[in-house]
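For the protein sequence lines, the chains are A and B, in the order given. All the letters of the first sequence, read from the start, carry residue numbers 1 to 296 under the working numbering. All the letters of the second sequence, read from the start, carry residue numbers 297 to 592 under the working numbering. Structure record follows, encoded as C-alpha cells.
Number of protein chains: 2
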Amino acid sequence: MNLKEYLSQKKKVIDLALQKYLPERKGLAADLIEAMRYSLFAGGKRLRPILCIASAEAVGGNMESVMPAACALEFIHTYSLIHDDLPVMDDDDLRRGMPTNHKVFGEAVALLAGDGLLTEAFRLMCSKDLLAHVPAESVVRVVEVVAEGAGCTGMVAGQVADIQAEGQQATKDMVDFIHEHKTAALITASVVSGAVLGGGNPRQIEALRTYGKGIGLAFQISDDLLDVEGDTNSMGKTVGSDERKGKATYPAVVGLERSKEIQNELVQRAVSAIEAFDQEADPLREIAYYIVRRRK
Amino acid sequence: MNLKEYLSQKKKVIDLALQKYLPERKGLAADLIEAMRYSLFAGGKRLRPILCIASAEAVGGNMESVMPAACALEFIHTYSLIHDDLPVMDDDDLRRGMPTNHKVFGEAVALLAGDGLLTEAFRLMCSKDLLAHVPAESVVRVVEVVAEGAGCTGMVAGQVADIQAEGQQATKDMVDFIHEHKTAALITASVVSGAVLGGGNPRQIEALRTYGKGIGLAFQISDDLLDVEGDTNSMGKTVGSDERKGKATYPAVVGLERSKEIQNELVQRAVSAIEAFDQEADPLREIAYYIVRRRK
C-alpha cells in the first residue's frame with residue numbers, strides 16, 4: 001500500500017468533516033468559533049482521526065460511521081495544543097509555522113477556545129451523526145474511553161507531570177509517566193474508539209489497545225528526537241526548546257541512541273500485537289513504521 | 297415543605313457522592329487531583345446537582361439514579377469558576393471567602409484542574425454508575441444536552457461575550473446574550489438532564505426546559521444585584537467588582553428596580569411552566585422563589 005496517498009486522502013475527507021462539524025460563527029460569540037477554527041485548521045496531520053478510522057476499518061467497520069468520533073478526537077487534540085501553548089504553560093509563540101492561538105486572539109479567548117473545543121468534542125460524539133451508525137451503548141463506551149485518555153487519568157495528568165518536571169533531574173520513570181499520559185493515552189483512546197465503533201470483538205479491541213500504547217509512546221519519542229535532530233523550517237517550530245526548558249525527554253534520560261532503540265522495539269511490539277489481523281490492518285502497520293521515520 | 301432542610305439534606309448527599317466520584321490522588325498527577333478537590337469542596341451551594349435531582353424527582357425519577365450526572369454538572373460548574381478566576385479572565389483572588397485555585401496551586405495547575413474537571417464530568421456521565429440505572433440512549437442524550445449548555449453554544453460563548461463586553465457601553469440585548477449563555481444555559485441543562493434521566497415525557501421535558509431558562513436568567517440577575525447590594529462578608533467575595541470592571545449587568549443597563557421586576561416576572565413564568573406538575577415539583581417551585589430572596 002502507498003501510505004503517503006492513504007494519509008493524504010484520509011486527511012482531505014477529515015478536513016471536510018471538521019469544517020462541517022464546527023459550529024457556525026454567529027452573534028456575540030463569533031470570535032470564539034473563529035479562534036476554534038483557526039487552530040483546528042492550522043496544519044495538523046490528523047493522526048488521531050486517521051488512527052480511529054484505520055482501527056475501525058481494521059475490524060471491518062467503515063470510515064463514515066466513525067467520522068464524528070474521529071473529528072471529536074481532533075477537537076480534543078487541538079484544545080490540548082491551544083492550552084499547552086499558553087504563557088502559563090509552555091509559552092510558545094509558534095506552532096506548525098503559524099502564530100499560536102493566544103498570539104492571534106488573546107489569552108482569554110484562546111483559553112475559552114480550548115474549553116469550547118473540548119466540550120464540543122463530547123457533544124459531537126453524542127450527536128445524531130454518530131448514533132445513526134452505531135448503537136448508543138457503543139457511543140457511551142467511547143465517550144468513557146476518550147475521557148479517560150484525555151482527562152485527569154490520561155493527557156491532563158501527563159501535562160501536569162510535564163510542567164512539574166521542568167528543570168528537575170528527570171528519571172526514566174518520570175519520562176515514561178509523562179509520555180504515556182501526555183501523548184500515548186489519547187492516541188490509544190483514538191485507536192480503541194475506532195475498534196469499538198467499528199464493531200471489533202473484545203480480543204480485537206485489546207490487541208488494538210496494545211498497538212495504540214506502543215505507537216503512542218513511540219510517537220512522543222520521535223517528537224523528543226525531532227526537537228534534538230530536526231530542523232526549524234520543516235518542523236514549523238523552534239527546535240532545541242525541550243533542552244532549554246529543561247523538559248523531561250527520552251534523549252535527556254537515556255540518550256539519543258538508546259531512545260531510537262526503544263522506539264524501534266515499541267513499534268515492533270505494536271505491529272506484533274495486530275499480527276492476527278488481515279490486510280485491512282495494513283494502514284495501521286504502515287503508520288507504526290512511519291512514526292519512526294517521520295521528519296516533522 | 298421546608299426548603300432550607302431540603303437543600304441542606306441534598307447538599308450532604310451530593311457532597312458524599314462528589315467525594316466518591318473524584319478520582320484518587322496518585323503518582324505524578326497527585327497535585328492535579330488535589331487542585332480539583334480543592335475547588336470542588338470550596339463551599340458551593342450545589343445548585344446545579346440539586347436542580348438535576350429535583351427535576352428527576354418531579355417526573356417520578358429518583359435521586360440515586362441521576363447522581364453521577366448531578367455530580368458531573370457540579371464538576372463542570374467548578375471548572376468554569378476555576379478558569380473564570382484566572383488572571384487572563386476575571387483575575388479574582390477570592391471565591392466564596394477562600395483563595396482561588398490559581399492562588400493556591402499556581403496558574404498552570406489551575407488551568408489543568410479545570411480541564412480535568414470538565415473532561416471527568418463526561419467520563420462520569422458515561423460511567424457504569426449511571427448506566428446501571430438508565431438506558432444508554434438517555435445517557436447519550438444527556439451528554440449532548442450538557443455539552444450544548446456548557447460549550448461554545450452555551451456557557452463558553454457567554455464567557456467570551458462577557459469578556460469582550462467589558463468596558464463597552466452595554467445594551468440589554470448584550471446582557472441578555474451573556475446571561476442566557478454564561479449562566480442560564482448550564483442551569484437549563486441541569487434541569488433538562490434530570491428530566492430526561494428521570495424518565496420524563498417530551499411535554500414534561502419541554503416544560504422543565506422553560507422553567508430552567510427562567511430561573512437560570514433570574515439567578516444571574518440576583519448575582520448582579522448582590523454585587524451591588526450584597527455585603528462582602530456574606531458573599532465571600534468583594535462586592536462592587538462588576539461596576540469596577542465595567543461588566544455588562546442588568547442593573548447597569550436597566551437599573552436596580554427594573555432588574556428586580558424582570559427577575560420576579562422570570563420566576564413567575566418559570567413556576568407557571570410547571571403548574572401542571574404535582575407536589576413532587578414543589579422543591580423546584582421553592583427554589584425558584586428562593587432565587588429572588590437569596591443573600592449569597
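Virtual Cβ for every residue (Gly too), placed ideally from N, Cα, C. Note that this is a predicted model, so its numbers are computed, not measured.
{"Item": "Should I127 of chain A be flagged as near chain B, meaning a C-beta pair shorter than 9 Å?", "Value": "For clarity, residue 127 of chain A is Ser in the given sequence; the question names Ile instead. Closer than 9 Å: yes."}
{"Item": "Output the distance between the C-alpha atoms of A365 of chain B and G198 of chain A, rounded to the nearest integer angstrom.", "Value": "27 Å"}
{"Item": "Any beta carbon from chain A within less than 9 Å of E416 of chain B's own beta carbon?", "Value": "yes"}
{"Item": "Since Q204 of chain A is in the alpha helix (DSSP H), which residue starts that stretch and which ends it?", "Value": "P202 to E229"}
{"Item": "Using 9 Å as the limit for Cβ to Cβ distance, is I329 of chain B near chain A?", "Value": "yes"}
{"Item": "Are the CB atoms of G194 of chain A and I30 of chain A within a distance shorter than 9 Å?", "Value": "In the sequence under discussion, the amino acid at residue 30 of chain A is Ala, which differs from the Ile named in the question. No, the Cβ-Cβ distance between A30 of chain A and G194 of chain A is not below 9 Å."}
{"Item": "Just to confirm my understanding: we take R141 of chain A, look at its own chain, exclude 5 residues before and 5 after, and list those with CB closer than 8 Å. What are they?", "Value": "V196"}
{"Item": "Could you spell out the range, first to last residue, of the alpha helix (DSSP H) harbouring T119 of chain A?", "Value": "E107 to M125"}
{"Item": "With a threshold of 16 other CB atoms inside 10 Å of the CB of M421 of chain B, please say whether the residue is buried or exposed.", "Value": "buried"}
{"Item": "Hey, F573 of chain B and A503 of chain B: beta-carbon distance below 9 Å or not?", "Value": "yes"}
{"Item": "The alpha helix (DSSP H) with H379 of chain B in it runs from where to where?", "Value": "M359 to D381"}
{"Item": "Take the Cβ of A514 of chain B as the centre, count every other Cβ of all protein chains shown within 10 Å, and call the residue buried at 16 or more, exposed below.", "Value": "buried"}
{"Item": "Just the chain B side, please: which residues come within less than 7 Å of H83 of chain A by C-beta, in chain order?", "Value": "L407 and D411"}
{"Item": "Inspect the beta-carbon positions of V160 of chain A and L408 of chain B and report whether they are closer than 9 Å.", "Value": "yes"}
{"Item": "May I ask you to verify whether the stretch 84-97 of chain A touches the stretch 16-23 of chain A, counting CB pairs closer than 8 Å and requiring at least 3?", "Value": "no"}
{"Item": "Cβ atoms of R48 of chain A and I221 of chain A: under 9 Å apart, would you say?", "Value": "no"}
{"Item": "Could you pull the start and end residues of the alpha helix (DSSP H) that C348 of chain B belongs to?", "Value": "L343 to A354"}
{"Item": "Between which two residues does the alpha helix (DSSP H) harbouring E301 of chain B extend?", "Value": "L299 to Y317"}
{"Item": "Can P579 of chain B and M297 of chain B be called in contact, C-beta distance under 9 Å?", "Value": "yes"}
{"Item": "Buried or exposed: which applies to L167 of chain A, given that a residue is buried once 16 or more other Cβ atoms fall within 10 Å of its Cβ?", "Value": "According to the sequence as given, residue 167 of chain A is Gly; it is not Leu. When all chains shown are included, G167 of chain A counts as exposed."}
{"Item": "In its own chain, which residues sit with a C-beta less than 7 Å from the C-beta of D425 of chain B, not counting the 5 before and 5 after it?", "Value": "P364"}
{"Item": "Is the stretch 465-472 of chain B close to the stretch 543-551 of chain B, with three or more CB pairs under 8 Å?", "Value": "yes"}
{"Item": "Let me see if you follow: with CB-CB separation under 9 Å, is F177 of chain A close to chain B or not?", "Value": "yes"}
{"Item": "Please classify R95 of chain A: is it buried, with 16 or more other beta-carbons within 10 angstroms of its beta-carbon, or exposed?", "Value": "buried"}
{"Item": "Can you tell me whether P283 of chain A is helix, strand or coil according to DSSP?", "Value": "helix"}
{"Item": "Looking only at its own chain, which residues have a Cβ that is under 6 Å from the Cβ of H475 of chain B, when we skip the five neighbours before and after it?", "Value": "L513 and Q516"}
{"Item": "Classify S351 of chain B: buried if its beta carbon has 16 or more other beta carbons within 10 angstroms, exposed otherwise.", "Value": "buried"}
{"Item": "With 7 Å as the C-beta to C-beta threshold (strictly closer), list the residues of the stretch 130-160 of chain A near chain B in chain order.", "Value": "L131, A136, E137, V139, V140, V143, E144, A147, E148, A150, G151, C152, T153, V156, A157, Q159 and V160"}
{"Item": "Could you check what DSSP says for R589 of chain B in three-state terms: helix, strand or coil?", "Value": "helix"}
{"Item": "State the Cα-Cα distance for the pair A281 of chain A and I274 of chain A, rounded to the nearest angstrom.", "Value": "8 Å"}
{"Item": "Using the C-alpha atoms, what's the distance from A189 of chain A back to R589 of chain B?", "Value": "47 Å"}
{"Item": "Is M248 of chain B helix, strand or coil by DSSP?", "Value": "This structure gives no information on residue 248 of chain B, because the portion of chain B shown stretches from 297 to 592."}
{"Item": "Can you grab the Cα-Cα spacing for the pair Y302 of chain B / G508 of chain B, in whole Å?", "Value": "19 Å"}
{"Item": "Would you tell me roughly how many angstroms separate the C-alpha atoms of A480 of chain B and L562 of chain B, rounded to the nearest one?", "Value": "12 Å"}
{"Item": "Short check: CB of V435 of chain B to CB of T119 of chain A, under 9 Å?", "Value": "no"}
{"Item": "Please determine, among A:I291, A:V143 and A:E34, the residue with the shortest C-alpha to C-alpha distance to G106 of chain A.", "Value": "A:E34"}
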